[in-house]
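Each residue of the sequence shown is one higher than the one before, counting from 58 in the numbering used here. Backbone N, C-alpha and C fix where the C-beta goes; we use that ideal spot for every residue, glycine too. One structure is given here, and the rest of the page talks about it.
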Amino acid sequence: MPRRHAASTVRPRHHVGEVMSRLASIIYPDGRMVTYARDKAGNVTGVDTRGIDSVQQSVASTVRHDSLGRLTAWTAGSRTLTRTYNGLGAVTLARDSKPGGIDVAVDYTNGDVDQVTVGNAVVYIEMDDALRLSSAGGAFLTPEHPEGVMHQYVYEKTGNRTKWWTIPFTNRSFVYAPDSHRLITGNKIARSYDAVGNTTKIGDRQFIYDASGRMSQALVNGVPEMNYAYNPFGQQVGRYVAGEMTVSLHDEAGHWIGDYDGSGRAIRQIVWLDNLPVAVLDGGAIRDIQTDHLGTPRVVIDRATDKAVWTWSILGEAFGSDAPNEDPDKDGAKYVFDMRFPGQRYDAVTGLFQNGWRDYDPTSGRYVQSDPIGLGGGILTYGYVANNPFGATDINGLDIAVAIDRDAVPTFFGSAGHSATLVGTDAKGWTYYSKDGVDGAGVSLNVRQDYPTMADFLTTNGSRYREGFVISANAIQDFDAKRWADRHIGDAYSGAWNNCADFVRGTLHAGGLDVSSPWLGIDTPNGIRDRIDFKDGEVLSRPLNPAWYPGRYSNPKLLTK
């Protein structure tokens, strides 16, 4: 059985003297320091780095945020990156000021991505009635597809992909076991499973699992090629074979920040700005990471040459099966970079994208392990982002949180209270929704605010919300809950039929959380708390304090979707 390694996180330094501390600096294992300057609102204004024997270098300067705290612009080397948002908080533009960098514009209809423009090339996107990606492509010309390309996907009613056509080139079929959602053959390649549904073999690749169900070893043609170790948070922290070891470290928000060899020497380190990876530190060299609307790395710029040394085009296959270009500047030197969709890293041995608790297979658009929470995560237990890769991500699955102010809204029978909801994680960021009644003119006071971490939310709102609970969810539940909240936060407020508790209940219900209706028909925040909190005798709530998150309570009996 492979050994496990406990070291996995780097504890950052924080500002002191605040209600909730904000990240001020991180000292990496090789002694390099990354510092974050902030304005009075707590938003990052600049990121610098300095090695033990080097001068200070700017990673990101002139960093700007909008009034809602969303990152809108920063300067990296000689380039300026900008991001814009629509009314629902979705990114509509990610652009570099100079050629060769990111240039992605996104159009939405009813909150769903329907078109992505990259320079002069357009990806036309169609969704089926179940909001699953059914086609994506266009007449753009690329070296891989000189005549343009269109990918089409067909699913059975439960969401398993049965066909994938690449026009004009290839047809692929997917066959499933009749009594489960296990993929038996994909594109004529056979697969095998263990008793709990973990994929144990894909073609000539074999996967061994430990007692906790984590992939512990990968073999190719029967030869062990890699062993893996994990920490209690589900993060892969060790890879080792034939005496060679790589240790991966993560920050407190769950971001991967570096790989190190067995002697502690830095192999590669990553710098983050809010929840975006913005720079690769390769020794003393800084290379800038440029991400798309979802936070997926698409371009790496070498500051020394001011050219792209790695690209993973969004014009490629939507579920990530196309390989990146590791030599776009054509200098003959390949630059290998393994970040993929948010929360994922490519593993050359397995051919999979390591994604926290599970491993993702881009050739089938699904995980190779069943959802750890079982059918509580939905009937499609191997599914990835509800088959909507342009509109959703799954870092580890998000969480759905409910914040309670028990003392708000005094009534004859006692306080009715106030409730609000958040969807997110510290790694992805949180979106806060609150229906705050009406003003003197009868206008609904609806709040939708993004926060990088739960600590940032509590810094502003901790004195108001002193109770709350967090429910672990999967990508499908996250997506459905957030979609419903975004679409209904602007609905008119009504104390009788659309108050703050009604909104919270609607969000939870959309995410598959079975919340019973109030017996008198009018919901109250304190009432909804009790109906969720003590369902089946399980207590989920805990005080809202600095330790509230990332502590998580998961009640599978609530996760019914």
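To the nearest angstrom, report how far apart residue i and residue j are at their CA atoms.
i           : j           : result
residue 209 : residue 377 : 14 Å
residue 564 : residue 422 : 27 Å
residue 373 : residue 524 : 45 Å
residue 401 : residue 464 : 42 Å
residue 310 : residue 362 : 32 Å
residue 292 : residue 414 : 7 Å
residue 462 : residue 556 : 14 Å
residue 269 : residue 222 : 37 Å
residue 307 : residue 204 : 42 Å
residue 170 : residue 489 : 22 Å
residue 94  : residue 326 : 20 Å
residue 494 : residue 366 : 52 Å
residue 424 : residue 275 : 16 Å
Is residue i near residue j, with beta carbons less than 8 Å apart?
i           : j           : result
residue 508 : residue 486 : yes
residue 189 : residue 382 : no
residue 330 : residue 148 : no
residue 419 : residue 351 : no
residue 561 : residue 478 : yes
residue 161 : residue 172 : no
residue 87  : residue 336 : no
residue 355 : residue 343 : no
residue 140 : residue 151 : yes
residue 254 : residue 427 : yes
residue 538 : residue 567 : yes
residue 480 : residue 542 : yes
Which term fits residue i, buried or exposed, when burial requires 16 or more other beta carbons within 10 angstroms of its beta carbon?
i           : result
residue 393 : exposed
residue 225 : exposed
residue 263 : buried
residue 113 : exposed
residue 405 : exposed
residue 295 : buried
residue 156 : exposed
residue 554 : exposed
residue 186 : exposed
Any idea what DSSP makes of residue i, helix, strand or coil?
i           : result
residue 541 : helix
residue 562 : helix
residue 169 : strand
residue 516 : helix
residue 87  : coil
residue 503 : strand
residue 376 : coil
residue 228 : strand
residue 299 : coil
residue 536 : helix
residue 492 : strand
residue 278 : coil
residue 555 : strand
residue 627 : Here the chain covers residues 58 to 618 and nothing more, so residue 627 does not appear.
residue 567 : helix
In the DSSP output, what is residue i paired with across the bridge?
i           : result
residue 439 : Residue 439 pairs with nothing; no bridge assigned.
residue 508 : 487
residue 412 : 415
residue 153 : 138
residue 132 : 118, 137
residue 622 : A question about residue 622 goes unanswered here, because the residues of the chain that appear run from 58 up to 618.
residue 364 : 359
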